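According to the UniProt record's numbering, the sequence shown is numbered sequentially starting from 1.
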Amino acid sequence: MDESLFNYQHENVNATEHARRVAHVMYLDDRTREWLQTDTITGWSGDKIHYSPEERIRKFAEKGYALVDDGFEGHSVFRADHPSDQIFTIHLYSLFNEDDEVLTKASFAQRIRAWLGRKN
């Protein structure tokens, strides 16, 4: 490995100054390990992140996904202590029946039962 790249430091970056920041909210299917969607939000360090994943999570639930972990919950401010992008991962789990059809009209409990009954 090139040591000059390994030891590279951002000498001209002052992470505490009011600077443009980027946050990515990424939706991951934990069953297939596929990225479903990424939403990118921009703002200024220290400012509130104006984003709510609730509508997107609801739409995924209608398509047969169950929420495993809302990795965005409680993160409402662009950080000022580091210049890199913030990444939040929302974990979902796709629930399919034995024919790999999404059970969109089934209740959450019915989808869980269908998933538990699958032959893996």
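Glycine included, each C-beta is placed from N, C-alpha and C at the ideal position. Please read all numbers here as calculations on a predicted model, not as lab measurements.
Per DSSP, L36 has no beta bridge partner at all. In the structure shown, the three-state DSSP call for R31 is coil. By the Cβ criterion, the segment 75 to 83 is not in contact with the segment 53 to 61, since fewer than three pairs of Cβ atoms, one from each stretch, lie closer than 8 angstroms. Judged by their CB atoms, L92 and Y27 are nearer to each other than the 9 angstroms cut-off. Under the DSSP assignment, A66 falls in the beta strand (DSSP E) whose first and last residues are 65 to 70. For R31, the CB contacts under 7 angstroms within the same chain, skipping 5 residues up- and downstream, are Y93, S94 in chain order. The Cβ atoms of H24 and D39 sit closer than 9 angstroms to each other. Looking at the backbone, the Cα of R20 and that of G46 are separated by about 10 angstroms. Boundaries of the beta strand (DSSP E) harbouring I87: 86 to 94, taken from the DSSP string.
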